[in-house]
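Trainee:
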Amino acid sequence: MYELPDSDNARLALDTIAERPTRGIPTCWKNIMQHGHLERLAGAAAGEYRRDPQGVYVAAQRAMGVCLCDQFIPTNPLTLGDTGYEGGADKSATQGAEQIVIDGMVIDSPEAVVEHLERFVWPAWRRWGEHFNEDDWMRTALDKEVQTQAALGPTILKTGYGLVSFPFMRYYAYGYENYFMAYALYPEVIERDFAVQADYNALTNAAAARLYQEHNLPRICRLDHDMADSRGTLVGIESLDAIWFPHFVRALEPILKTDVRLIWHCDGNLMQMVPRLLDAGIDGFQGFQYEDGMDYAAICRMRTRDGRDPIIMAGVSVTTTLPHGSPDDVRREIDFLVEHGPSRGLFLGCSSSMTPGVPWENVVALVEGLHYYREHGRSAGTNGKECLT
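Residues in the sequence shown are numbered from 1 upward in steps of one, following the numbering used here.
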């Protein structure tokens with residue numbers, strides 16, 4: 001049985017999701033990857049994170065006043081030390097693996113991508129669809145949400161991440177070079193793959209719609225798939241219009257009939273996709289790489305398909321401001337995010353995971369700034385009134 005947490009922080013998050021008037025601005029989760037920073041925030045001894053990663057991670061989130069967490073990844077920092085990656089020699093297809101082998105097949109060409117899809121992937125997805133059990137899916141998903149909410153405790157609201165599915169580009173399995181050559185040379189095959197995924201996604205999303213309706217889960221879910229780099233979308237936007245968006249919308253159809261708000265994670269420059277995502281039924285955005293051309297102020301002025309303000313999970317930049325700026329730069333960026341954010345539906349946090357190397361003074365400025373706006377809200381920080389800087 002899922003029960004909504006009852007605390008000031010959780011209620012602030014719930015009111016913001018519903019776009020009800022609030023005094024304060026809620027704080028999103030902050031995935032800080034530097035062990036020493038997590039331990040200092042949690043009040044833990046040096047080295048304690050490796051001994052109790054979940055305990056220290058959750059304690060740090062609570063100490064930072066986090067109101068909402070969707071992607072619960074307490075053990076991710078174990079692959080990093082205070083100086084960077086310590087994950088070992090094994091590399092994935094997108095991390096420079098010398099050879100990509102899946103199901104005994106060497107993926108070394110676009111033709112190998114096509115063959116693997118036809119021989120292995122599509123038959124497996126069709127079997128999953130034929131044997132899909134909605135009740136079993138719901139039970140597994142609900143158990144995970146209940147367990148994660150219990151781990152976070154009453155002061156942090158757990159919201160959906162991964163409960164709603166849609167067609168992915170398979171570069172994560174086949175590698176960028178082989179996959180995108182296949183995309184360019186065999187678009188009809190790639191569209192067929194999106195269609196096969198969407199067939200199955202529609203089944204799981206119908207189950208997700210029931211899950212939200214029959215159990216009192218918070219009415220929001222974040223969708224996460226990187227589809228852009230600093231230059232723009234990974235493939236031409238016209239091709240996405242032709243072969244991806246129709247299957248994306250079809251996959252989401254069951255959940256779009258509910259009152260669940262869908263949030264899209266932004267990596268790179270997604271400006272061409274933003275209005276299309278809103279037209280498709282997406283209700284807001286999280287992340288933002290401002291240095292890549294994401295026009296935060298313009299996005300916050302846009303409207304959803306039903307005419308509402310977008311839900312915006314804004315964050316201080318983890319690629320520029322936090323690692324390379326000063327505490328005053330951190331404060332100025334928080335002020336900017338508040339001043340130009342939507343009138344309702346705004347969350348504050350970090351733009352993505354905070355990698356090792358961020359000065360402790362900037363972490364302190366971030367935590368203090370988010371506390372300030374959580375307590376005082378927009379009225380004390382913008383439009384010519386008192387602000388952090």
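Virtual Cβ for every residue (Gly too), placed ideally from N, Cα, C. Note that this is a predicted model, so its numbers are computed, not measured.
Verify whether the separation of the beta carbon atoms of Gly-284 and Ala-314 is less than 7 Å.
Mentor: Contact flag unset, no.
Trainee: For Phe-72, which residues in the same chain have their Cβ closer than 6 Å to its Cβ, ignoring the five residues on either side in sequence?
Mentor: Excluding positions up to five away in sequence, the list reads Thr-148.
Trainee: For Asn-178 versus Ala-228, is the C-beta distance shorter than 7 Å?
Mentor: No, Cβ-Cβ distance for Asn-178 and Ala-228 is not below 7 Å.
Trainee: If you drop the 5 nearest sequence neighbours on each side, which residues of the same chain put their C-beta closer than 7 Å to that of Phe-248?
Mentor: Cβ within range, chain order: Phe-166, Pro-167 and Ala-280.
Trainee: As an exercise, report each continuous beta strand (DSSP E) stretch of at least 3 residues that is fully enclosed by the segment 261–316, in chain order.
Mentor: Those beta strand (DSSP E) runs which fall completely within the segment 261–316 and span 3+ residues are 261–266, 284–287 and 311–316.
Trainee: With distance defined between alpha-carbon atoms, name the residue in Ser-230, Leu-262, Val-367 and Gly-236 nearest to Thr-319.
Mentor: Nearest C-alpha to Thr-319: Ser-230.
Trainee: So Ile-220 and Thr-159 are in contact, right, with Cβ under 8 Å, and what is the actual spacing, rounded?
Mentor: That pair is a contact at about 5 Å.
Trainee: Quick one: Cα of Tyr-372 to Cα of Cys-28, how far?
Mentor: About 14 Å.
Trainee: Just how far apart, CA to CA, sit Asp-90 and Asp-295?
Mentor: In a straight line, the C-alpha of Asp-90 is about 37 Å away from that of Asp-295.
Trainee: So what does DSSP say about Ala-228, is it helix, strand or coil?
Mentor: DSSP places Ala-228 in strand when its eight states are reduced to three.
Trainee: Would Ile-32 and Met-354 qualify as a contact pair, given that the criterion is a beta-carbon distance under 7 Å?
Mentor: Contact flag set, yes.
Trainee: Quick check on DSSP: helix, strand or coil for Met-181?
Mentor: Three-state result, Met-181: helix.
Trainee: On a CA-only basis, which of Ala-209, Ile-100, Gln-289 and Phe-288 is nearest Leu-262? Give me that one, please.
Mentor: It is Ala-209 whose Cα lies nearest to the Cα of Leu-262.
Trainee: Cβ atoms of Asp-267 and Asp-226: under 7 Å apart, would you say?
Mentor: Cβ atoms of Asp-226 and Asp-267: closer than 7 Å.
Trainee: Using 10 angstroms around the beta-carbon of Ala-207, count the other beta-carbons present and answer buried if the total reaches 16, otherwise exposed.
Mentor: Classification for Ala-207: buried.
Trainee: In terms of DSSP beta bridges, what is Gly-349 paired with?
Mentor: Beta-bridge pairing links Gly-349 to Gly-315.
Trainee: Within 10 angstroms of its Cβ, does Glu-39 collect 16 or more other Cβ (buried), or is it exposed?
Mentor: So Glu-39 counts as buried.
Trainee: Tell me the rounded alpha-carbon separation between Leu-203 and Glu-368.
Mentor: For Leu-203 and Glu-368, the distance between alpha carbons rounds to 44 Å.
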